[in-house]
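Data block below; observations after.
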Amino acid sequence: MRVGVYICHCGINIADHVDVEAVRRFAEREPHVVISRTYTYMCSDPGQELIMKDIEEKHLDRVVVAACSPTMHERTFRQVVSRSGLNPYFLEIANIREHCSWVHADAARATQKAKDLVSAAMAKAMLLEPLESQERGITAASLVIGGGIAGIQTALDIAASGFRVFLIEREPRLGGHVAGLNRTFPYLEDARQLIEPKIDALVRDPRIDVMVRSEVTSVEGSVGDFRVEIRTRPETRLDSNDQERVEQIEVGTIVVATGHDIFDPTEKTELGYGRYDRVITASEFERLTSPDGPTGGALRIGEKVPQTIGFIHCVGSRDKKVGHEYCSRVCCTYTAKQALWVREHLPDTEVTVFYIDVRTFGKGYEELYERAQKKGAIYKKGVPSEIFRRSDRVVVRGEDALLGEPYEKEVDLVVLATGLVPSRAAQPLRNLLKLSLSPDGFFMEVHPKLRPLDTASDGIFLAGTCQGPKDIADTLAQAHGAASRATTTLFQGKVQIDPVVAFIDPEICSGCGLCEKVCEYSALTLNPYRRVMTINTAVCKGCGACNSVCPVGAISLRHFKPDQIMAQVDALCPGR
Amino acid sequence: MDRQPQETDTSVVPVALVIGGGIAGMQASLDIADKGFGVVLVEREPTIGGHMAQLDKTFPTLDCSSCILTPKMVEVGGHPGIELLTYSEVTDVQGEVGDFRVTIRKKARYVDLGKCTGCGLCAEVCVQKDKIPNEFDMGVGRRSAIYIPFPQAVPQKYLIDPERCLMVTRGKCGKEPRCQTACGTRAINFEQKEEIVTVHVGVIVVATGYDQFDAHKKSEYGYGRYENVLSAIEFERLCSASGPTGGQIELNGTAPKRVVFIQCVGSRDRTVGNPYCSRVCCMYTAKQAHLVRERVPDAKITICYMDIRAFGKGYEEFYDRVQKEGVLFRRGNPSEIYRRGNTLVVRGEDTLLNLPYEEEADLVVLANGLVPRVDAQALGAMVGLSQTEEGFFQEAETKETVATSRPGVFLAGCCQSPKDIPDTVAQASGAAALSCIWLAKGKAKGSS
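If you read the protein sequences in the order shown, they are chains Y and D.
Once you know that position 162 of the first sequence is 161 in numbering that gives the first Met the number 0, the rest is easy, because the numbers rise by one and skip nothing.
Once you know that position 199 of the second sequence is 198 in numbering that gives the first Met the number 0, the rest is easy, because the numbers rise by one and skip nothing.
Structure representation (structure tokens):
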């Protein structure tokens, strides 16, 4: 072995607290060390050249860099090693900045710790093995699950980028919830003019296969190479010639856009929905006021125009009693829209909106809320505790939180602002695609701040309300975003397989399956014939969870094998 | 199932210009560059990172902002497909989608980017060390005339403040400038001039972010008059482990025992011309109240509000948690703040109790709203964007927040309208998707 050790000053970051020259002298005397150097900034171009020159001239076969965290510059130094013709995995980093100089004030002890970390890195370096990352081809197509506005937009964007798309929808028609709306907030535009051109574009696009009445029944493979089985129901159950169809497709990436359900207000019996026909949901209100609805857009109770209407916020939202603590994000603003519709179309009808907080947060939403108030909608803070019948009207009873006194308000019609809940029909996808759920029951993104569209499984993405309630504008932004995420692999045309993955010794494995339970990426499966676990290296992230739970030591992680780690431990605890 | 042939347009330059290096611009750049297209990312400040780099923790998960942001900054800085131009500004845009000709002014750093190793020896010896208020810490901390904005800055390259450096302002600094002597790579060059470069790009993503509402405009809150009335971002720096107090919530060495937060400062307020909701203040205030509870356990904490808008994933739950931690939510924003002896008095009306209140405070934190960049109009005119009445950039269609009426120009993040980090990131990926639809046509150049 011929080892080179390079100690970085990181300007003053390391050198102010660690005596780098002492570390260098220490390393120089260690066995197999051919050269040991310090430099102000090892990652700079001259620093890199220093290492490359030594590899060539001194025929080094292992390199140890004592510097900052490997998350910062491991890639940089692997490239340096690789450019000199060595295997890039013949590099070991000792983190003497974040793990040492930045966190210790005593220079003498920090220097000793830096020596220990360097000696551990050298011990591991002796045992490093060459690894090669691999590339695999991909299928340049995507599957979009769900034909609401999120799925449609995602499919259109992927196709426009030049890739084949399969869009499947469980229902016989496309358009999802948006197709049932009358006008959209905050600018009161016709919802049909929003969704219909998108549906037209979708069905006309030669790169998109649209399959309605269809569901995913099985998914195999991994990013770049998913094999999906899709079952399509016949158009009518009566026609015996029309058979159920099962089809296999291959895609590189998958976007889940399965949307939401509407909260069922019969769960809140105190509101009387289902008992009193004068209590309706917001969705029903949309249909009753829609020109293509059952009444041609005329809001009537029997023959009569309602004289007083009460709108009730947060039905099934912000309500732990029904298991939905979260806010549904759209109800405040759609209620403002509906209240305004009443005041503009039925100016003699009195409107009262019962709320907890008014959450009109989007572009133009606060202005819509103001407009509804200016047009005469009365906002009362305090959602009702119950609704009951009095002759042919209903009474809304509750407490006004601002006045601190109870109210009873007799109205002709109550409209419930029902919240958004996770789609029940989408639940089977959880197992098929190995999706996780957030505590609120919606599909979970892999990182709530910086990766809102990605799932823990590479190649599978989320768009729209399946990830959590959101309005149309946010859904569309997310749908475009999901298209970007889903086309990255397709544009690259290949997937890189990192060689730092787990591997199994089939001679030792007993197939107990403990590893499968701890794997967050579903990389491990039981081979039913041989009764041993197998690993999908395309999916494995090399996190180290499986190898540490294996009771018989059948799994190891490349680049972090037991002997490599134990050598480090021995170096750190020489008296052991 | 190979990639389908598509219409190609060889006149499309397969490179995107991204204006703004905050989280929106970074995400858009990465999404575009990861697909194999070129990106020129122009950032006005000396580092990328934007507002997010200044935050301590992020709501509602309390992730450390730097810890999740800096790996992304490093990724942008090291991406072979991204040409990063910091301390640079776009000065002119000509042409149209497919081939915009963009002029960029690279301001003089007086430091050679190729030679500077970021070692920091220059800042140590600067005669003005610890004398200049650090903008990144909202002026609370101090720096030298040669500096990097914060330790994790990308690029890790120093620059000279041309307004404070004695060599730049007077042409003389002692016998010879100490920084130049200290620099081992001779990176400091006082002769450096600003540079004008021209690039050709196919599409443009505008991700210029927002300004914080200037609380001086609400003179009744005494911001700028009373030193213990802080803006939200000043308070973030006070909480931050990398901030001037090392994360201790202290004013002049003492922990405040009575803290009042005031929401909707410059939001939902027609008297200052901002009728809109800024979308993030309710939640960041709840988070800041939590940080006070964590670090000053016996503090009395009050949040004055109009409506609590906790609408995102996990937000309502976080609001609930903060209430349970003993933070008092008082409905009714104060009408004024005045000083009585050494304490502040917050006066207003509690609309739930229907009673006037007067509350004493050692510290008041204002939840400043998000407003359009002060120079949004100039940039809009240059790029060909219109603005809403409030001054945010106008999208082409009301529900399409990404595309603009100018083909090939897309929006990402708060320059379009206030939004939180996940909504910004999702939208930025969206801007990348629409950009790449154009760029993909150009990529086919030369292929059959």
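No residue lacks a Cβ here, since even glycine has one placed at the ideal position from N, Cα and C.
In this text, all values refer to a predicted model and were calculated from it rather than measured experimentally.
- Around the beta carbon of L352 (chain D), fewer than 16 other beta carbons lie within 10 angstroms, which makes this residue exposed.
- L84 (chain D) has a beta carbon lying at 9 Å or more from every beta carbon in chain Y.
- A residue is called buried once 16 or more other Cβ atoms fall within 10 Å of its Cβ, and K174 (chain D), having fewer, is exposed.
- Listed as beta-bridge partners of D33 (chain D) by DSSP are no residues whatsoever.
- In the DSSP assignment, V408 (chain D) forms a beta bridge with D:I203.
- If you look at H446 (chain Y), you'll find it isn't in any beta strand (DSSP E); DSSP assigns it neither H nor E.
- I248 (chain Y) and T110 (chain Y) have their C-alpha atoms some 59 Å from each other.
- Near chain D, meaning a CB-to-CB distance below 7 Å, the residues of the stretch 325 to 353 of chain Y are Y325, C326, R328.
- For L378 (chain D), the enclosing alpha helix (DSSP H) has its first and last residue at 375 to 382.
- Contact between L155 (chain Y) and D204 (chain Y) holds, with the beta-carbon distance rounding to 7 Å and staying under 8 Å.
- The C-beta of I11 (chain Y) comes closer than 9 Å to at least one C-beta of chain D.
- Take D160 (chain D), set aside five residues on each side of it, and the residues of its chain with a beta-carbon closer than 6 Å to its own are A144, in chain order.
- Secondary structure of I307 (chain D) (DSSP, three-state): coil.
- Residues of the stretch 351 to 376 of chain D with a C-beta less than 9 Å from any C-beta of chain Y: L351, L352, N353, listed in chain order.
- Secondary structure of A65 (chain Y) (DSSP, three-state): strand.
- Look at the beta carbons and you see the stretch 3 to 12 of chain Y touching the stretch 59 to 66 of chain Y: at least three pairs across the two are nearer than 8 Å.
- Taking a Cβ-Cβ threshold of 8 Å, the residues of chain Y close to Y314 (chain D) are Y325, C326, in chain order.
- Residue pairing for I302 (chain D): DSSP places it in a beta bridge opposite D:F260, D:F328.
- Exclusion of the five residues before and after P406 (chain D) leaves E95, V96 as the residues of its chain whose Cβ lies within less than 8 Å of its Cβ.
- Closest in C-alpha terms to R557 (chain Y), from the list Y:F89, Y:T486, Y:L461, Y:E369, comes Y:F89.
- Counting only unbroken stretches of 4 or more residues, the alpha helix (DSSP H) elements lying wholly within the stretch 457 to 503 of chain Y are 471 to 491, in sequence order.
- Classified as exposed, V102 (chain Y) has fewer than 16 neighbouring CB atoms from the shown chains inside 10 Å of its CB.
- At least one CB atom of chain D sits nearer than 9 Å to the CB of L402 (chain Y).
- Nearest to K106 (chain D) by alpha-carbon distance, out of D:G311, D:E190, D:I307, is D:E190.
- In the DSSP annotation of this structure, the continuous segment of the beta strand (DSSP E) that includes R230 (chain Y) starts and ends at 224 to 231.
- In the three-state scheme derived from DSSP, where H, G and I count as helix and E and B as strand, G347 (chain D) is classed as strand.
- Contact of Q322 (chain D) with chain Y by beta-carbon distance below 8 Å is absent, the smallest such distance being about 12 Å.
- Sorting Y:T524, Y:E506, Y:A537, Y:K540 by C-alpha distance to the C-alpha of G552 (chain Y) places Y:E506 at the top.
- At least one beta carbon of chain D lies nearer than 9 Å to the beta carbon of Y186 (chain Y).
- In this structure M0 (chain Y) is exposed. Its beta-carbon is surrounded by fewer than 16 other beta-carbon atoms within 10 angstroms.
- Residues of the stretch 406 to 424 of chain D with a C-beta atom less than 7 Å from some C-beta of chain Y are S416, I420, P421, D422, V424, listed in chain order.
- The beta carbons of T397 (chain D) and L410 (chain D) sit about 13 Å from each other, so the pair does not count as a contact at 8 Å.
- Along the stretch 268 to 297 of chain D, going in chain order, the ones with a CB nearer than 7 Å to a CB of chain Y are P274, Y275, C276, R278.
- In the DSSP assignment, G220 (chain Y) is bridged to Y:F225.
- A Cβ-Cβ contact shorter than 9 Å links H259 (chain Y) with H176 (chain Y).
- Sixteen is the threshold: since fewer than 16 other Cβ atoms of the shown chains lie within 10 Å of the Cβ of S435 (chain Y), the residue is exposed.
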